[in-house]
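Below is one structure; the comments refer to it alone.
2 protein chains.
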Amino acid sequence: MARQPPTKPRKNASQERSRATVDALVEATARILVRDGFEKASTNRIAEVAGVSVGSLYQYFPSKEALVAAVIDRHNEEIMGIVRAALAEVADLPIDKAVRKLVTVAIDAHRINPKLHRVLAEQIPRTGQLRDVEAYNREIQTLVRAYLESRRKEMRKVDLDVATFICVSAIEAIAHNTVLHGAEMLSEKMVRTLADETTRLVVGYLR
Amino acid sequence: MARQPPTKPRKNASQERSRATVDALVEATARILVRDGFEKASTNRIAEVAGVSVGSLYQYFPSKEALVAAVIDRHNEEIMGIVRAALAEVADLPIDKAVRKLVTVAIDAHRINPKLHRVLAEQIPRTGQLRDVEAYNREIQTLVRAYLESRRKEMRKVDLDVATFICVSAIEAIAHNTVLHGAEMLSEKMVRTLADETTRLVVGYLR
DNA sequence: ATGAAAAGCGAGCGAATGCTCACATTATAT
DNA sequence: ATATAATGTGAGCATTCGCTCGCTTTTCAT
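So the sequences go chain by chain: A and B.
So the first sequence is numbered by UniProt numbering: it starts at 1 and just counts up by one.
So the second sequence is numbered by UniProt numbering: it starts at 1 and just counts up by one.
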């Protein structure tokens, strides 16, 4: 049978061993990012830490960017899972209850892996493949907008797009800054206070 | 006279020619950042674009980081100039008038050089020397807090630090996202709407 | 058992980068 | 005019990095 030269399978993992390799590579990338920062994350080092050869690395990831993108994606999926769940859970609640929940969730989501979150926010240049973070932002925007639309009667008259933009930006920034500045030693009391205040900010604005 | 070996003056510019060299280097760095992004900004290229030799570059800047830091600093000083002026101008105004002015100024400040702003925000890893951006944030925080303190009677009872953090984070994020998403083609009408809404958000929160 | 596909290996290439250093030119003071 | 300091030059060193390729080992269907 005339086969195409099997020199370049490139990419997909089918056997279990290779899936483990891929996992090890992504995990190693994340660990290096957290421990040593973006600059120290060379492909050679990632392969070494993963206990894998560089050659194997390039069987599954076409570039260093792809590796970092995989880490970002994994982290964003974790966050989005929580956010999607919260938004579903909140769909039938009145605005004040809903906003409180969403604010809390936003802060919690940013606290999942604060060190990684910090590195991703501060050290990763959003270039080439890495620019797709915006997609997640757009999804959140859409979901929140849909919720607000369903609760329009509780709100004053506002342009929904503008209101969504304002609310999401504000909540996101406060959650983000809270985690970045406070590092990990955030008293639960402080978190509660910030959640209360942010809720007040947003709810007061919407109606 | 026994002098210290004049082999390593390093750094300070005293004659006019050298000050021009320093300027050219910073300007070239900024231009490369805007035109080609952070990755393409090598010291050799910066020197070339500045019409200066690499050697001269290293007489005034100990590293590539220092060069980028200088660009960031110049840009931040521009912004801080505007913000400081606005805060002074606003010191005797009531909260609603003051907030409106500050929100407008925040957006305008981010629009000074949107392309550079975007590169600095998206592509520059905040590492080593570059971490000092936080200092500007702290100054703004302090100035705003002082204003709010002087206007405490117009406000509800709040922890001033918390309120400052919330307001600054929100305003900054909205201004930032506005400029980043809308690029440069932002209708004046849209800007005004966003300023109005943000003002409402913040003023409603404070009292 | 066997052969082919899948997975893994790692020395090392070519390119780029940050930076140095031995030297040349210009400015300043006497 | 001359000496000294200030400023400027650029070829090239040392290093690192992303990545390739010829090869070996493992897995699996038959």
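Beta carbons are placed, not taken as given, at the ideal position from N, Cα and C, and that holds for glycine.
Only a predicted model underlies this, so the values are computations on that prediction, with no experimental measurement involved.
{"Check": "Given a limit of 9 Å on CB to CB distance, which residues of the region 103–125 of chain A reach chain B?", "Outcome": "121, 122, 123, 124 and 125"}
{"Check": "Below 8 Å CB to CB, which residues in the same chain sit around residue 161 of chain A once its five sequence neighbours on both sides are set aside?", "Outcome": "145"}
{"Check": "How many whole angstroms separate the CB atoms of residue 99 of chain B and residue 26 of chain B, which I take to be in contact at a CB cut-off of 8 Å?", "Outcome": "Not confirmed; about 35 Å, so no contact."}
{"Check": "Between which two residues does the alpha helix (DSSP H) containing residue 71 of chain B stretch?", "Outcome": "64–90"}
{"Check": "By the DSSP assignment, the alpha helix (DSSP H) with residue 190 of chain B in it spans what residues?", "Outcome": "188–206"}
{"Check": "Consider the Cβ of residue 76 of chain B: report whether some Cβ of chain A lies at a distance smaller than 8 Å.", "Outcome": "no"}
{"Check": "Identify the contact partners of residue 162 of chain A in chain B, using a Cβ-Cβ distance below 8 Å as the criterion.", "Outcome": "193, 194 and 197"}
{"Check": "Give the interface partners of residue 220 of chain B over in chain A, defined as CB-CB distance under 7 Å, in chain order.", "Outcome": "What the structure shows of chain B is the stretch from 1 to 207, and residue 220 of chain B is not part of that stretch, so it cannot be assessed."}
{"Check": "Ordered along the chain, which non-local residues of its own chain (more than five positions away) have a Cβ less than 6 Å from that of residue 50 of chain A?", "Outcome": "24, 25 and 28"}
{"Check": "At 7 Å on the CB atoms, spell out the chain A contacts of residue 169 of chain B, in chain order.", "Outcome": "173, 174 and 177"}
{"Check": "Using the beta-carbon count (16 or more within 10 Å), is residue 142 of chain B buried or exposed?", "Outcome": "exposed"}
{"Check": "Mark residue 163 of chain B as exposed unless 16 or more other C-beta atoms lie within 10 angstroms of its C-beta, in which case mark it buried.", "Outcome": "buried"}
{"Check": "Can you give me the Cβ contacts of residue 128 of chain A inside the same chain, cut-off strictly under 6 Å, excluding the 5 residues immediately before and after it?", "Outcome": "65"}
{"Check": "Return helix, strand or coil for residue 165 of chain A, following the three-state DSSP convention.", "Outcome": "helix"}
{"Check": "Does any C-beta atom of chain B lie closer than 8 Å to the C-beta of residue 39 of chain A?", "Outcome": "yes"}
{"Check": "Three or more C-beta pairs under 8 Å: does that hold for the region 113–133 of chain A against the region 190–206 of chain A?", "Outcome": "no"}
{"Check": "Leaving out the 5 sequence neighbours to the left and right, which residues in its chain are closer than 7 Å to residue 37 of chain B when beta-carbon positions are compared?", "Outcome": "119 and 123"}
{"Check": "Would you mind working out which of A:191, A:46 and A:18 sits nearest residue 105 of chain A, comparing C-alpha positions?", "Outcome": "A:191"}
{"Check": "One question on the structure: do residue 201 of chain B and residue 201 of chain A come within less than 8 Å of each other, judged by their Cβ atoms?", "Outcome": "yes"}
{"Check": "Going along chain B, which residues have a C-beta under 8 Å from residue 166 of chain A?", "Outcome": "174, 194, 197, 198 and 201"}
{"Check": "Let me see if you follow: with CB-CB separation under 8 Å, is residue 21 of chain B close to chain A or not?", "Outcome": "no"}
{"Check": "Which bits of chain B does residue 29 of chain A rub up against, with CB to CB less than 8 Å?", "Outcome": "None at all; the shortest Cβ gap to chain B is about 16 Å."}
{"Check": "Which residues in chain B have a C-beta closer than 9 Å to the C-beta of residue 127 of chain A? List them in chain order.", "Outcome": "37, 38, 39, 122 and 123"}
{"Check": "Have a look at residue 16 of chain B and residue 168 of chain A and give me their C-alpha separation to the nearest angstrom.", "Outcome": "50 Å"}
{"Check": "How is residue 113 of chain B classed by DSSP in three states: helix, strand or coil?", "Outcome": "coil"}
{"Check": "Could you tell me if residue 22 of chain B is buried or exposed, where buried requires 16 or more neighbouring beta carbons within 10 angstroms of its beta carbon?", "Outcome": "buried"}
{"Check": "For residue 38 of chain A, name the three-state secondary structure that DSSP assigns.", "Outcome": "helix"}
{"Check": "With 16 other CB atoms within 10 Å as the buried threshold, where does residue 181 of chain B fall?", "Outcome": "exposed"}
{"Check": "Between the Cα of residue 138 of chain B and the Cα atoms of B:58, B:107, B:91 and B:80, which residue gives the shortest distance?", "Outcome": "B:80"}
{"Check": "Taking the beta carbon of residue 54 of chain B as the centre, do at least 16 other beta carbons fall within 10 Å, making it buried, or is it exposed?", "Outcome": "exposed"}
{"Check": "CB residue 172 of chain A to CB residue 173 of chain B, shorter than 8 Å?", "Outcome": "yes"}
{"Check": "State the CB to CB distance for the pair residue 45 of chain A and residue 32 of chain A, rounded to an integer number of angstroms; the pair is presumed to be in contact (CB under 8 Å).", "Outcome": "6 Å"}
{"Check": "Taking the straight line between their C-alpha atoms, what separation do you get for residue 40 of chain A and residue 39 of chain B?", "Outcome": "16 Å"}
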